[in-house]
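A quick write-up on the structure given underneath.
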Amino acid sequence: METNTNDINYYRDLLKRRKWYLVVPFVLLFAASTAVAVMLPSVYRSQATILVEAQNIPEELIRTTVTGYIEERLQTLSQVVLSRQNLEEIIGSFGLYPEMAERNTTEQVVARMRRDILMEPIYAQAANPRQGRATIAFNLSYEGNDPQSTAQVANALVSLYLEQNLRTREERAEGTVTFFRQQLEELRREIDASEADIARFKEENLHSLPELMQFNMQMLERTRSEIDNRQRDIHNLMNRLVNLQGQLALVEPVRFRGGNGRAMSLEEELRFLNNQYLALKAVKADNHPDLVRLRNQMNSLDQETQSRHSLRDLIIHLESKQNELSLLQERYSRQHPDVIRLSREIDILEARIQDLSGQRHLVTRVEDLEPENPAFINLQTQITSTQLDIESTRDKIRDLERTYAMYQRRIENSPQVEQRFKALQRDYDSAQKAFTENMSRLQAAIEARELEEGQMAEKLTVIEPPRASETPVKPNRKAIVLLGFVFASGLSVGTTALAEYFDSSVRDGRTLARVSGIPVLGSIPYLRTRKDVWTTRIMRLAVVLGIMLGVALVLFLIHFYYEPLDVFWLNLQGRVGLN
Numbered sequence: 001m002e003t004n005t006n007d008i009n010y011y012r013d014l015l016k017r018r019k020w021y022l023v024v025p026f027v028l029l030f031a032a033s034t035a036v037a038v039m040l041p042s043v044y045r046s047q048a049t050i051l052v053e054a055q056n057i058p059e060e061l062i063r064t065t066v067t068g069y070i071e072e073r074l075q076t077l078s079q080v081v082l083s084r085q086n087l088e089e090i091i092g093s094f095g096l097y098p099e100m101a102e103r104n105t106t107e108q109v110v111a112r113m114r115r116d117i118l119m120e121p122i123y124a125q126a127a128n129p130r131q132g133r134a135t136i137a138f139n140l141s142y143e144g145n146d147p148q149s150t151a152q153v154a155n156a157l158v159s160l161y162l163e164q165n166l167r168t169r170e171e172r173a174e175g176t177v178t179f180f181r182q183q184l185e186e187l188r189r190e191i192d193a194s195e196a197d198i199a200r201f202k203e204e205n206l207h208s209l210p211e212l213m214q215f216n217m218q219m220l221e222r223t224r225s226e227i228d229n230r231q232r233d234i235h236n237l238m239n240r241l242v243n244l245q246g247q248l249a250l251v252e253p254v255r256f257r258g259g260n261g262r263a264m265s266l267e268e269e270l271r272f273l274n275n276q277y278l279a280l281k282a283v284k285a286d287n288h289p290d291l292v293r294l295r296n297q298m299n300s301l302d303q304e305t306q307s308r309h310s311l312r313d314l315i316i317h318l319e320s321k322q323n324e325l326s327l328l329q330e331r332y333s334r335q336h337p338d339v340i341r342l343s344r345e346i347d348i349l350e351a352r353i354q355d356l357s358g359q360r361h362l363v364t365r366v367e368d369l370e371p372e373n374p375a376f377i378n379l380q381t382q383i384t385s386t387q388l389d390i391e392s393t394r395d396k397i398r399d400l401e402r403t404y405a406m407y408q409r410r411i412e413n414s415p416q417v418e419q420r421f422k423a424l425q426r427d428y429d430s431a432q433k434a435f436t437e438n439m440s441r442l443q444a445a446i447e448a449r450e451l452e453e454g455q456m457a458e459k460l461t462v463i464e465p466p467r468a469s470e471t472p473v474k475p476n477r478k479a480i481v482l483l484g485f486v487f488a489s490g491l492s493v494g495t496t497a498l499a500e501y502f503d504s505s506v507r508d509g510r511t512l513a514r515v516s517g518i519p520v521l522g523s524i525p526y527l528r529t530r531k532d533v534w535t536t537r538i539m540r541l542a543v544v545l546g547i548m549l550g551v552a553l554v555l556f557l558i559h560f561y562y563e564p565l566d567v568f569w570l571n572l573q574g575r576v577g578l579n
């Protein structure tokens, strides 16, 4: 129904009609919010401030093994300290959350305690602007219903943080030392194995090692020089042998005894018979038997002398060719043209000697003769000695050539040996270098461990221990009462507006004329009866009693659930400045 909302009388009549819609919702909601604010249990917070002290000794001198950002380490520390096992021990030790433990599981109780624990880092601007803010300390707090037990739990948590921090740092330092010791032991075994490999390799390749390369080259050149000298000696001995053989060819091995009883050679005997022949021919005829005998003897001696000389020359020439062939075979293979040519010449010489040796009255070889001539025997001895010297020199040359080949193999194998030796030496040097580096790291780790054990490294120091709080931090009763007042006022106004909006009653003449379309001539005011007066008085009395009961209830709740009334009154006087 439309009404004239600009008329002040309308609002006065509205307040009279709807006073209970205004009062009852406001009183109920405000009283309920006040009761909630008073009846909520007080929550106390016990807080400790822990300082993150930097390392006492400069890091340039001793570097700790515990690295990383302090924020990460604090989060890791919190995860360890707030583990289920630690929290269950604290809950059991202090008897926390007894009502909740009866109705909920252990996991829920532990989760509730984690929510009641709060860690807040304290930052400061770092010296280097690029580093931003640095954590210099942190607040560790615990919230509970009893201030004394809350302080005890907070002290227990602080102790856990400090102990776990020390334990973690010492374990990391000790773990680092153990790790480097294991690494050193493995590297020591690796070095021993490398040394054994190098020693075994040197033993297997003793003469081909890189450090003996210069010695092998010198010995190779010296051996080559000795071989050349021996070959020159053979050449000289061969020349001497040929010379001696030539001299031997001019000397008769035996001497025959002539008519005068003197030992003579075939040439001397032939000359002796020739002289007799000439002497007899002067006095005797040509067909005289003595001249014929002498002439036959002279022809036989001459033929024998020529045959012997030819055979001796062939044998000497054959021996010379054989010596020459031996020298060539030492240098060239059998397919070499010079070797083939000499072999054919030797075969031809041997065939001719065989033909001449077929005559029984001829001597086949010079060696088969039984010499009697001292000059022949001397030359023969020199020839034999020279041949022995040649054979001895050839044996020495063969030994030297084997030695030369040995040094040549050593030099040829030296690059491969050097490459393998360098690989072994490189592995050994790498292991030795790693061993030295790990030894330095182990020493640094030991110093860092001593630093941790002496608590000279970064540590946590309690600068403000947790205490029993005298004032609860929760709930904020003033805010609850204020919000209750705001919501109660809104509810009362809204209830009144809704009641007025849905009310279709006609309460004045203008409204009646507008609804009926008929002019109103006059109005009769409402006449109050005695019953109305008593009803009004009773309602006023009920309101006053309700207010008094509400005030009494509020005072009761304040006294028993918030703080005693005398303390409350003194605190109120202090806040408002009353004497």
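Residue 140 in UniProt numbering sits at position 140 of the sequence shown, with consecutive numbering throughout.
We put the CB at the ideal spot given by N, CA and C, even for glycine.
task: Classify A285 as helix, strand or coil using the three-state DSSP reduction.
output: By one-based count along the sequence shown, residue 285 stands at place 285. Of the three classes helix, strand and coil, the one that applies to A285 here is coil, per DSSP.
Open item on the list: Using only CA atoms, which one of V36, Y21, L74 and R17 lies nearest to S481?
Closed with: Counted from its first residue, the sequence shown places residue 481 at position 481. Per the sequence shown, the amino acid found at residue 481 is Val instead of Ser. It is V36 whose Cα lies nearest to the Cα of V481.
ask   = Thinking C-alpha only, which one of L491, T135 and L118 is nearest A124?
value = Taking the sequence shown and counting its residues from 1, the one referred to as residue 124 is at position 124. Across the set L491, T135 and L118, the C-alpha of T135 shows the shortest separation from the C-alpha of A124.
Give every residue of the same chain whose Cβ lies closer than 8 angstroms to the Cβ of V43, excluding the five residues on either side of it in the sequence, and list them in chain order. Numbered from its first residue, the sequence shown carries residue 43 at position 43. Here the set comprises E143, G144, N145, P472, V473, K474 and P475.
Same chain only: Cβ atoms within 8 angstroms of Q443, ignoring 5 sequence neighbours per side
Working through the sequence shown from its first residue, we reach residue 443 at position 443. Nothing meets the Cβ criterion.
Using 8 angstroms for Cβ pairs, my map puts I117 next to L157. What's the rounded Cβ distance?
Position 117 of the sequence shown, counting from 1, holds the residue named residue 117. Position 157 of the sequence shown, counting from 1, holds the residue named residue 157. Confirmed, Cβ separation roughly 7 angstroms.
**Prompt:** Taking the alpha carbon of L206 as the point to measure from, which residue in T223, F421 and N299 has its own alpha carbon closest?
**Reply:** Mapped onto the sequence shown, residue 206 falls at position 206. Closest by alpha carbon: F421.
*Nearest-angstrom Cα separation, counted from T168 out to E204*: Mapped onto the sequence shown, residue 204 falls at position 204. Mapped onto the sequence shown, residue 168 falls at position 168. T168 has its alpha-carbon roughly 53 angstroms from the corresponding atom of E204.
Query raised in the report: In chain order, what residues of the same chain have a beta carbon less than 6 angstroms from the beta carbon of S414, not counting five sequence neighbours either side?
Result: Start at 1 with the first residue of the sequence shown, and residue 414 comes out as number 414. Cβ-Cβ distances below 6 angstroms link S414 to S208 and M213 in the same chain, with the five nearest sequence neighbours on each side left out; the list follows chain order.
Could you give the residue range of the beta strand (DSSP E) that holds T135?
Working through the sequence shown from its first residue, we reach residue 135 at position 135. Its beta strand (DSSP E) spans residues R133 to G144.
Worksheet entry | P415 in three-state terms, based on DSSP | Numbered from 1 along the sequence shown, position 415 holds the residue referred to as residue 415. In the three-state reduction of the DSSP assignment, P415 falls in the helix class, which pools H, G and I.
*asked:* Just to confirm, is the Cβ distance from L325 to L342 under 8 angstroms?
replied: By 1-based counting over the sequence shown, the position of residue 325 is 325. By 1-based counting over the sequence shown, the position of residue 342 is 342. Cβ distance < 8 angstroms, so L325 and L342 count as in contact.
Measure the alpha-carbon distance for I353 versus K321 and round it to whole angstroms. Taking the sequence shown and counting its residues from 1, the one referred to as residue 353 is at position 353. Taking the sequence shown and counting its residues from 1, the one referred to as residue 321 is at position 321. Distance between the alpha carbons of I353 and K321: 14 angstroms.
query = So is Q245 buried or exposed if we call it buried at 16+ other beta carbons inside 10 Å?
reply = To locate residue 245, count along the sequence shown from 1; it is residue 245. The residue is buried, with at least 16 neighbouring Cβ atoms inside 10 Å.
- How would you write the range of the beta strand (DSSP E) that E53 sits in, first residue to last? Translated into the one-based positions of the sequence shown, residue 53 becomes position 53. Here the beta strand (DSSP E) through E53 covers Y44 to E53.
**Study point:** Counted within 10 angstroms of its Cβ, other Cβ atoms place I518 as buried (16 or more) or exposed
**Key:** Position 518 of the sequence shown, counted from the first residue, corresponds to residue 518. Label assigned to I518: exposed.
- Query: T461 bridges to which residues according to DSSP?
  - Reply: Here residue 461 corresponds to residue number 461 of the sequence shown, with the count starting at 1. Residue pairing by DSSP puts T461 in a beta bridge opposite L51.
Practice problem: Note down the Cα distance separating Q425 from Q231, rounded to an integer number of angstroms. | Solution: Your numbering for residue 425 matches position 425 in the sequence shown. Your numbering for residue 231 matches position 231 in the sequence shown. Roughly 43 angstroms between the two C-alpha positions.
* Given that a residue counts as buried once 16 or more other Cβ atoms are within 10 Å of its Cβ, and exposed if not, what is V363? -> Counted from its first residue, the sequence shown places residue 363 at position 363. Model confidence at V363 stands at a pLDDT of 39, short of 50, so the residue's coordinates are unreliable; what they give is reported in the following sentence. Its Cβ being crowded by 16 or more others within 10 Å, V363 is buried.
- Mind checking who E120 pairs with in its DSSP beta bridge? In the sequence shown, the residue the question calls residue 120 occupies position 120. E120 pairs with N139.
Return the bridge partner residues of K474 from the DSSP annotation. Within the sequence shown, numbered from 1, the residue matching residue 474 stands at position 474. Looking at the DSSP output, K474 shares a beta bridge with V43.
query: Hey, would you say residue 581 sits closer than 8 angstroms to A137, going by beta carbons?
result: Absent from the structure is residue 581, since the part of the chain shown begins at 1 and ends at 579.
- Item | I191, enclosing alpha helix (DSSP H) - first and last residue | Along the sequence shown, read from residue 1 onward, the residue named residue 191 stands at position 191. P147 to E204 is the extent of the alpha helix (DSSP H) around I191.
- Using the Cα positions of L460 and L160, report the straight-line distance between them to the nearest angstrom. For this step, residue 460 is matched to residue 460 along the sequence shown. For this step, residue 160 is matched to residue 160 along the sequence shown. Cα to Cα, L460 sits roughly 12 angstroms from L160.
For this session: Quick one: using the 10 Å Cβ neighbour count with 16 as the cut-off for buried, is L570 buried or exposed?
Result: As a position in the sequence shown, residue 570 is number 570, starting the count at 1. Classification of L570: exposed, given that the 10 Å Cβ count is below 16.
request  = Reducing DSSP to helix, strand and coil, say where A405 ends up.
outcome  = As a working note, residue 405 is residue 405 in the sequence shown. In the structure shown, A405 adopts helical secondary structure according to DSSP, grouped into three states.
#### Entry: Three-state secondary structure assigned by DSSP to H336
Along the sequence shown, one-based indexing puts residue 336 at 336. In the structure shown, H336 falls within a coil segment according to DSSP collapsed to helix, strand and coil.
Notebook entry, point to check: How do the segment 490-499 and the segment 17-31 stand: do at least 3 beta-carbon pairs fall below 8 angstroms, yes or no?
Noted result: With a cut-off of 8 angstroms, the segment 17-31 and the segment 490-499 count as touching, because enough Cβ pairs lie within range.
Distance between beta carbons of E53 and E458, contact taken as under 8 angstroms: Sequence index remark: in the sequence shown, residue 458 carries index 458 (1-based). Sequence index remark: in the sequence shown, residue 53 carries index 53 (1-based). Between E53 and E458 the Cβ distance is about 7 angstroms, and since that is below 8 angstroms, they are a contact.
* CA-CA distance, A196 and Q432? -> As a position in the sequence shown, residue 196 is number 196, starting the count at 1. As a position in the sequence shown, residue 432 is number 432, starting the count at 1. Those two C-alpha atoms are separated by around 14 angstroms.
Problem - Alpha-carbon spacing of K284 relative to V292, whole angstroms - result: As a first step, residue 284 is located in the sequence shown; it is residue number 284 there, counting from the start. As a first step, residue 292 is located in the sequence shown; it is residue number 292 there, counting from the start. Rounded to whole angstroms, K284 to V292 spans 11 angstroms at the Cα level.
Practice problem: Just tell me which of Q152, E71 and A31 has its CA closest to the CA of S93. | Solution: In the sequence shown, residue 93 corresponds to position 93, counting from 1. Closest option to S93, Cα to Cα, is Q152.
C-alpha gap between L553 and F502, whole angstroms: Taking the first residue of the sequence shown as position 1, residue 553 is located at position 553. Taking the first residue of the sequence shown as position 1, residue 502 is located at position 502. Their Cα atoms are separated by approximately 35 angstroms.
Self-check item: Chain-order list of residues whose beta-carbon lies under 6 angstroms from that of R365 (same chain, five-residue window excluded)
Solution: As a position in the sequence shown, residue 365 is number 365, starting the count at 1. Confidence in R365 is poor, its pLDDT being 40 and thus under 50, which makes the residue's placement too unreliable to answer from.
Figure out for me which residue from N86, R477 and E464 has the closest Cα to the Cα of P41. Residue 41 sits at position 41 when you count from the first residue of the sequence shown. Nearest of N86, R477 and E464 to P41, Cα basis: R477.
For Q164, I'd like the list of residues in its chain whose CB is within less than 7 angstroms of its CB, leaving aside the five on either flank, ordered along the chain. If you number the sequence shown from 1, residue 164 lands on position 164. Shown here for Q164: same chain residues with a beta carbon closer than 7 angstroms to its own, the five before and five after excluded, namely L77, V80 and V81 in chain order.
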